[in-house]
Amino acid sequence: MKLSDSLADHFRIDTAHKKALSRLNIETVSDLLYHLPARYEDISDVQSVGSLEKNQDTVVYGQLSGLKTRKAWKSKKPIAEGYVEDGSAKMKIMWFNQPYIAKMYTDGMYVKLAGKVSGSEGKLYLSNPEVEPLDSLPIDRHDSIFKDTGSGDDTLYPVYRETKGITSKWIYHTVLKCFEKKILETLIDPIPVEILKKYNLPELKTALVWIHSPKKAKDAESARKRFAF
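Numbering (the numbering used here), first residue to last: 99 to 327.
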């Protein structure tokens with residue numbers, strides 16, 4: 099793999115995908131690597147659905163399914179309900195006295211939910227969570243290229259300039275695949291070592307890793323300083 103290579107030479111990209119990438123001015127490997135994140139989201143407060151326990155206040159990301167309305171068996175009060183799934187598990191969601199919720203959102207929609215876990219063992223559900231619709235699920239902390247370090251610090255995920263058909267998650271994982279193909283080993287840093295040391299800047303390959311998958315906020319800041327130099 100070389101910086102000048104077309105992404106289509108290394109990844110399966112259909113016509114629609116190519117058009118979407120062109121709207122972002124991305125055609126080559128170099129274009130992708132230098133399509134830098136616009137900002138970062140902190141997912142340190144996010145739990146996986148499979149780890150949730152009763153009475154826990156939680157924030158989860160997942161996909162909705164089974165949305166419907168019904169009436170409570172005894173009180174006859176209206177209930178909107180459905181499920182949220184994040185890959186680790188599937189959990190019921192219930193909104194009491196808010197039947198309209200089931201019509202506001204659709205099955206398959208990606209969302210961020212914030213609420214409290216209620217119910218009993220084996221029958222847990224998320225009660226009256228706040229809902230924030232998403233275009234796609236964020237990059238999970240376990241997707242980080244630092245996942246083998248065991249540091250637990252990698253709770254930032256990059257948010258890129260997107261277009262229809264190209265999500266931040268796709269960009270991130272494609273960048274990661276480029277790293278796995280040893281593209282960083284082919285780079286020649288245009289800034290002399292003496293200058294890097296003088297201004298405390300990371301070398302090019304380190305800066306690219308830090309800007310796309312920072313372990314800590316200070317790594318991202320250091321990388322941004324390097325690319326602004």
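Built from N, CA and C at the ideal position, the CB exists for glycine as well.
Which residue comes first and which comes last in the alpha helix (DSSP H) that contains residue i?
i    : result
I309 : L302 to H310
E278 : S266 to E278
A178 : Where A178 is concerned, there is no enclosing alpha helix (DSSP H), although the beta strand (DSSP E) it sits in stretches over P176 to E183.
L235 : First-last for L235: undefined, no H or E at that position.
V291 : V291 to K296
Please name the residue, chosen from the options, that lies closest to residue i on a Cα-to-Cα basis.
i    : options                   : result
E219 : E151, H115, A114 and S320 : E151
D184 : N226, Y208 and W171       : Y208
P227 : R137, S146, K316 and D155 : D155
M192 : Y258, T167 and A318       : T167
P256 : L105, I309, P231 and I111 : I309
I186 : P290, P231, Q145 and T204 : Per the sequence shown, residue 186 should be read as Ser rather than Ile. Comparing Cα positions, the closest option is Q145.
P176 : L282, S128, N195 and K303 : N195
L274 : E319, V307 and L232       : V307
T261 : A114, S104 and H271       : A114
When you compare only the Cα positions, how much space is there between residue i and residue j?
i    : j    : result
K323 : H108 : 30 Å
G250 : A326 : Confidence in G250 is poor, its pLDDT being 47 and thus under 50, which makes the residue's placement unreliable; the coordinate value appears in the next sentence. Taking the straight line joining both Cα atoms gives about 28 Å.
A305 : N153 : 42 Å
M99  : L222 : 49 Å
Q161 : V229 : 11 Å
P290 : L105 : 29 Å
G213 : V158 : 9 Å
H133 : Y297 : 24 Å
E125 : D233 : 23 Å
D205 : Y198 : 14 Å
Is the Cβ-Cβ distance between residue i and residue j less than 8 Å?
i    : j    : result
G148 : G164 : no
K188 : L235 : no
A200 : A170 : no
I281 : L119 : no
E278 : D287 : no
V127 : D112 : no
If you follow the beta strand (DSSP E) that residue i is part of, which residue opens it and which one closes it?
i    : result
D332 : Lying before the first or after the last residue shown, residue 332 is absent from the chain, which here runs from 99 to 327.
So within the stretch 189 to 213, which uninterrupted alpha helix (DSSP H) runs reach at least 4 residues, ignoring any that extend past its ends?
199 to 202
Just to confirm the assignment: which complete beta strand (DSSP E) runs, minimum length 3, are found wholly within the stretch 101 to 144?
137 to 140
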